[in-house]
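If you read the sequences in order, they're chains A and B. When you line the first sequence up against my numbering, it's residues 1 to 436, in that order. When you line the second sequence up against my numbering, it's residues 1 to 436, in that order.
There are 2 protein chains.
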Amino acid sequence: MSEKTTPRILQGFSELLPQDQFMFDSLMEKIKNTYKKYGFYSIDTPTLELSEVLLAKAGGETEKQIYRFNHYDNDLSMRFDLTVPLARYVAQHNQDLVFPFKRYQISKVYRGERPQKGRFREFYQCDADVIGADTLDINYDAEMVCLISDVMKELDLGDYCVRINNRKILSGFFDSIGLKDKITDVLRIIDKLDKMGKEKVVEELSEKGADKDQIEKILGFISISGTNHDKIASLRKIEAGELFSTGVDELETVINMAKMLGMSEKNVSIDLSIARGLDYYTGTVYETTLIGHENFGSVCSGGRYDNLASYYTDKILPGVGISIGLTRLFSLLKENDMLNGIEKNETSVVVLPMDTGRFEYAAKVVKVIRENGIKCDIFWSDKSGKAKFKYASRTGAGFAVAVGETEETNNTVTIKNLETGDQKEVELEKVSEFFR
Amino acid sequence: MSEKTTPRILQGFSELLPQDQFMFDSLMEKIKNTYKKYGFYSIDTPTLELSEVLLAKAGGETEKQIYRFNHYDNDLSMRFDLTVPLARYVAQHNQDLVFPFKRYQISKVYRGERPQKGRFREFYQCDADVIGADTLDINYDAEMVCLISDVMKELDLGDYCVRINNRKILSGFFDSIGLKDKITDVLRIIDKLDKMGKEKVVEELSEKGADKDQIEKILGFISISGTNHDKIASLRKIEAGELFSTGVDELETVINMAKMLGMSEKNVSIDLSIARGLDYYTGTVYETTLIGHENFGSVCSGGRYDNLASYYTDKILPGVGISIGLTRLFSLLKENDMLNGIEKNETSVVVLPMDTGRFEYAAKVVKVIRENGIKCDIFWSDKSGKAKFKYASRTGAGFAVAVGETEETNNTVTIKNLETGDQKEVELEKVSEFFR
């Protein structure tokens, strides 16, 4: 064979080297364990579904991004999010599920956009949702705030703020100032406040037909400030109809219950400018900012929706959910040198037989270490002592355990801490004790 | 909306209900942790690759099974195994990897066969491989035997046997009896001995042109019996050239080192009829049988290959690897009622506020339990007491923690063991102690 195919992956796809993958997996594990701690169960839907099913709701922009193709007689699509498969799953297995149904799913999704720098076409989403049958208590919205907060604490990425709003407040308010017909447009424009600035927002609002008075009211509204309770108090002073009042009640309940569940004031903040682009949110909405890294945008977002699966079933399935785009988050953390706090492979050990005559004794050592549940590799290759220690260091292991003739005679091993360089001869029967 | 799309998944694809998914995840976790314990690192390659890259080596049957399609200017394929992506990964990232490179990957793969009962078109493979640069010590083959064995112990599916052979023994032997040109055919036929029986094997060998004398020698060879050391001794008596002798040496080394690493005699057995269908194995080959469930076929298989990535690089990359088809295994365990031993969700707790006035106190209880790292759900819905307990039971939780007016007054909770029905009032500050 002389003609070689150049090994490469597609643009917009990513794969990590083992050391980075270890940290990536560690972040994923933390998210997963926090979801589980809150009583969420995992599901694992297929990557490929019938286009007819997966795209029942989709249209326009979404549809253009789908990896879609024919295979035998089937028109197939790769999933582009985890929400549509959840809707399909809940509608399909309705009879066998316990409601409220709390599920998490951590899986890759696929968006076949034209290649663009910084855009992933395959990426992990980490979703947690609670789905009610007919109704779902507002306190679930409060729990989601705490869940986001606990995930942020576990990920240990510094200070963070869960910003929270309620779509009913927005809808009610805009209705009351006579912009009901333009709510969707106006919400989309407001949603871009952080990215585009006030001037541009005013310009766009005006283009959409809002008059000076309306724009002033809008700007006044979204600049309500103070503590969460100040904001609630300011909102209470606005007369804007029933939907608006319900929204304020819900927001207050969520803020209060989140506090009772242990949420600290400094980590949760009402932000009336948050709308979330998606049309299906109908109540509480969340975004999460890393303090000092506001340019990352929201690292965990979500909200409440009235009805999850209307395209598949007549059953009314309200829900509330959150999502973390882990591939993007990891890439930001790496770019900004923020991976130092993440767990590395320090607990692992590499056994180094110093010569081939030591294999039998080395095997015994490995057996003892692994039996104690400690991660243990062994280097069997017949290389120089230097090459052996280099291997141990480069794998990222915390310790090398050297086994030579002297050690075998003494029934010991020599343990070298690869970070500090310290080394120590330890009796074989005390090895596991040493690592504990 | 009255027109509904019927929610359904594609034939050959599977998804589980939460209780089954919990057990599936638990098996996967055990496999993963055992791979890690042996010093393997995870990698996570893309699901979609360029067809030119992914199919560099493929042909014939494999190619027909690929989900392959065009997207913009790219000809894309979904991975059909984890070995080709590993070869591509190692060739591509060669400079950044530490050799021997020990990687595991647990991911879904895709085989777009025509739908057939019992065949999965999307399924998990759990692969672990060690790749050497230029050479790879034979003791790595022995470690793989122990790895398989430890995985089987962890999965706790009863007695098992790792059956082991060496392709050099087979190749050498068939060369010596004048069937060198037909080695591939003969190996394929022998490989089917378990499935088809002796008579059919004789018939097929004869069709391929083996004469009576040759067939007799073959049958004699694959019926060599006794302990592993008896078998080695019998093999030593056969004169069949250098390749054959090397194979016997390797097999003996692997058997001996596996024993030193703690492998029990009863769990490893030389089986000269194992060849593995795949053409690329060149040395040690493994299959794993669950005793009493031989009809499952091999639940963990693999072997040694001379050169992993010749289609991508001139570098010589010998390796040894194993693979578990977890989706198929789980489906067999479920069908045969063998999931009872698998961990269920017994450690988790559901807090039940007995009335809406108890939400604040219930929130406090939840906070205390979760802070202690215990999985804890809370049922916020305003339903009857019966409905609340039913929810707790149906989620599969081990305990319900009821919180009513009395409990709040006493600063206690009532903990009900959902399996035994026992219940007990416990002081709030002793709740975490209770669950530990």
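The beta carbon of each residue, even a glycine, is placed where N, CA and C say it ideally should be. None of these values were measured; they are calculated from a predicted model.
By how many angstroms is the C-alpha of residue j removed from the C-alpha of residue i?
i, j, result
"D73 of chain A", "R394 of chain B", "40 Å"
"M1 of chain B", "I131 of chain A", "At M1 of chain B the pLDDT is 48, less than 50, meaning the model places this residue with poor confidence and gives no usable figure here."
"Y41 of chain B", "K102 of chain B", "6 Å"
"L147 of chain A", "A309 of chain A", "24 Å"
"L193 of chain A", "E216 of chain A", "15 Å"
"S348 of chain A", "I66 of chain A", "42 Å"
"I106 of chain B", "D44 of chain A", "14 Å"
"M338 of chain B", "G158 of chain B", "10 Å"
"V413 of chain B", "G398 of chain B", "16 Å"
"I9 of chain A", "L82 of chain B", "15 Å"
"M28 of chain B", "L170 of chain A", "45 Å"
"L428 of chain A", "N411 of chain A", "6 Å"
"E265 of chain B", "K259 of chain B", "7 Å"
"T6 of chain A", "Y305 of chain B", "22 Å"
"Q19 of chain A", "V202 of chain A", "47 Å"
"L251 of chain A", "L187 of chain A", "18 Å"
"N256 of chain A", "D141 of chain A", "11 Å"
Should residue i be labelled buried (16 or more other beta-carbon atoms within 10 Å of its own) or exposed?
i, result
"K237 of chain B", "exposed"
"E113 of chain A", "exposed"
"L261 of chain A", "buried"
"M263 of chain A", "buried"
"G247 of chain B", "buried"
"I291 of chain A", "exposed"
"G220 of chain B", "exposed"
"N70 of chain B", "exposed"
"T313 of chain A", "buried"
"P301 of chain A", "The residue you asked about is not Pro; residue 301 of chain A is Ser in the sequence shown. Looking at its Cβ environment, which holds 16 or more other Cβ atoms inside 10 Å, S301 of chain A is buried."
"L86 of chain B", "buried"
"L48 of chain B", "buried"
"M196 of chain B", "exposed"
"D191 of chain A", "buried"
"A387 of chain A", "exposed"
"Q125 of chain A", "buried"
"N139 of chain B", "buried"
With 8 Å set as the bound, which would you pick, yes or no: does the beta-carbon of residue i sit closer than that to a beta-carbon of chain A?
i, result
"N228 of chain B", "no"
"P18 of chain B", "yes"
"L10 of chain B", "yes"
"S432 of chain B", "no"
"Y311 of chain B", "yes"
"S77 of chain B", "no"
"Q125 of chain B", "no"
"F120 of chain B", "no"
"F13 of chain B", "yes"
Shorter than 8 Å from the beta carbon of residue i to some beta carbon of chain B?
i, result
"A240 of chain A", "no"
"Q21 of chain A", "yes"
"K364 of chain A", "yes"
"T5 of chain A", "yes"
"T395 of chain A", "yes"
"V109 of chain A", "no"
"K102 of chain A", "yes"
"D137 of chain A", "yes"
"M1 of chain A", "Note that M1 of chain A scores a pLDDT of 48, beneath 50, so its modelled location is shaky; the value from the coordinates is reported in the next line. It does; some Cβ of chain B falls within 8 Å."
"E154 of chain A", "no"
"Q116 of chain A", "no"
Please list, in chain order, the chain A residues whose beta carbon lies closer than 8 Å to that of residue i.
i, result
"G112 of chain B", "H71, Y72"
"D96 of chain B", "L17"
List the residues of chain B whose Cβ lies closer than 8 Å to the Cβ of residue i, in chain order.
i, result
"V320 of chain A", "Correct list: empty, because the minimum Cβ distance to chain B is about 11 Å."
"D279 of chain A", "Within chain B, no residue comes near D279 of chain A; the closest Cβ sits about 15 Å away, beyond 8 Å."
"S381 of chain A", "P100, G132, T135, L136, D137"
In chain B, which residues lie less than 9 Å from residue i when you measure between Cβ atoms?
i, result
"C376 of chain A", "K37, Y38, G39"
Mind listing the chain C neighbours of residue i? Cutoff is C-beta to C-beta under 7 Å, in chain order.
i, result
"L50 of chain A", "This model lacks chain C altogether; the protein chains it does include are A and B."
Which chain B residues sit within Cβ distance under 7 Å of residue i?
i, result
"D25 of chain A", "S42"
> Can you list, in chain order, the residues of the segment 34 to 48 of chain A whose Cβ is nearer than 9 Å to any Cβ on chain B?
Replying inline: K36, K37, Y38, G39, F40, Y41, S42, I43, D44, T45, P46, T47, L48
> What are the residues of the segment 247 to 266 of chain B that lie near chain A, defined by any Cβ-Cβ distance shorter than 7 Å?
Replying inline: M257, M260, L261, G262
>> If the cut-off is 8 Å on Cβ atoms, which residues from the segment 348 to 373 of chain B count as contacting chain A, listed in chain order?
In response: S348, V350, F359, E360, A363, K364, V366, K367, R370, E371, G373
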